[in-house]
Amino acid sequence: MLFAAETMWPKATVVATDIDSLAILRLRVTSRGWRTGVCDFLNPRSQRGSSLLRSLIGYTDLVLLNPPFSCRGGKRIPATSGGVTTKCSLGLAFMVNSIDYLPEGGELIAVLPQGSLTSERDTAALDLLSRMGNTEVLKNNGFGTFDQAEVRTAVVRFYKRHNQAKAERSPGLNTCSAPSQKLLPQVRIVRGATQMNEIQRGEGCAGSIPFIHSTHLQDFTICSHDKVIGRLGRCAAGPMVLLPRVGQPKRSKVAKHSDSDVFMLSDCVIALMCPNPESAELLWKDLQSHWGLLEQEYVGSGARYITNRRLSDLLTRLGYSPLVDSPNGRNRVKKGQRNGRCQNNSA
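Sequential numbering of the sequence shown, starting at 8, is according to the working numbering.
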């Protein structure tokens, strides 16, 4: 990236840091006009100890970043900008740590995993960036764009505002008006929690309970289901609309179910419980008519997925009143009850 930048702006002063001392030694041989230094950019002590970086605070017109794409285990890393420290994914940590080197009006270009722009673990970091400037996605890259990197990435541009006022929400979040002027019915969002390798099939067994996985959602309905032996798990009762939590989004997998049956949900399914069949029908039609908005909420560097928060935000924009069930709740759902956990009557 720096070689390309030097070609584009031959009169610019190029500054390069890296945690790898051998990489810096090679640059000192091949690029004698550059200013180079060894630094662990995620280590505050290493940053403070770099005289090269200290001289750049507030004076760098353009920052170019290509941080590692992998952040195994969902680890959150401390990062600081404007005296505020937050925790976020690896890619955003590099981005946040770079902001103080920009003057007002300075810019940053980064190649990041697509998931870091919408991940719930990065919410605080994204809010911090929105207070410091404006962020936009210049380009989305699919699998195989970069050699040996099977991940979806995005080219992101950050502009440090002169005015530090809080940024408005991006235009894409406000393009949808509610289907009606009045608030639509409350919708309870229940995300399944049972993994397929945890279930014990119980077809024909007394006390078994219907179980839904994303593969059971086809042709806009629940095409089939498994029977599992009763156990504590996250369940939902109809009337409801069901959709996959993870995977390639398809219209036909947004299913409606009007009866009051109780189903245990796999961790790949989200249920939207409605107060009556008419509300479920209306919600299903709204999601179908606004399919483009729902589809774009499925993001991710690998498999695409949707979160409770993004789904809740979308429902709010459509005029509904969403309520997200706490994943730590100890509620139980039996036939006729409307909360987020269930236990078979015979369990």
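Every residue gets a Cβ at the ideal spot worked out from N, C-alpha and C, and that includes glycine.
Residue i vs residue j beta-carbon contact at 7 Å
i    : j    : result
V197 : A243 : yes
V70  : S123 : no
T314 : E157 : no
S296 : P251 : no
P256 : Y305 : yes
A117 : L49  : no
D129 : L109 : no
T363 : G44  : Residue 363 is absent from the model: the chain starts at 8 and stops at 354.
G326 : L145 : no
Q202 : D266 : no
A161 : L119 : yes
I229 : V276 : no
Q54  : L60  : yes
Y166 : E114 : yes
DSSP-derived helix/strand/coil call for residue i
i    : result
N147 : strand
Q255 : coil
I64  : coil
H232 : coil
V248 : strand
M139 : helix
I206 : coil
Y312 : strand
K18  : coil
T130 : helix
S267 : coil
D47  : coil
P110 : coil
P85  : strand
P75  : coil
G122 : helix
A23  : strand
E288 : helix
T222 : helix
Beta-carbon separation (whole angstroms), residue i vs residue j, contact threshold 8 Å
i    : j    : result
A132 : V103 : 6 Å
V248 : L279 : 4 Å
G140 : R168 : 5 Å
A200 : R241 : 4 Å
D107 : S88  : 6 Å
K260 : L300 : That pair is no contact at about 16 Å.
D47  : I31  : Rounded, the Cβ-Cβ distance is 12 Å, inconsistent with contact.
T20  : R42  : 7 Å
M271 : P329 : Not really, about 22 Å apart at Cβ, beyond 8 Å.
L294 : C281 : Between C281 and L294 the Cβ distance is about 12 Å, and since that is not below 8 Å, they are no contact.
L135 : V91  : 6 Å
Start-to-end residues for the alpha helix (DSSP H) that takes in residue i
i    : result
P361 : The chain is shown only over 8 to 354; residue 361 falls outside these bounds and no answer can be derived.
G299 : 298–303
E13  : 9–15
F101 : 97–105
Segment limits, beta strand (DSSP E) that includes residue i
i    : result
Q193 : 193–198
T160 : 160–167
A30  : Premise fails: A30 lies in the alpha helix (DSSP H), 28–37, not in any beta strand (DSSP E).
S4   : Given that the chain is displayed from residue 8 to residue 354, the structure contains no residue 4 and the question cannot be resolved.
F360 : Residue 360 cannot be examined here, being either before or after the span of the chain that is shown, 8 to 354.
T201 : Looking at the DSSP string, T201 is not in any beta strand (DSSP E), and its letter there is neither H nor E.
Residue i CB to nearest heavy atom of the ligand GDP below 6 Å
i    : result
K263 : Among the components of this structure there are no ligands whatsoever, and the ligand GDP is therefore not found.
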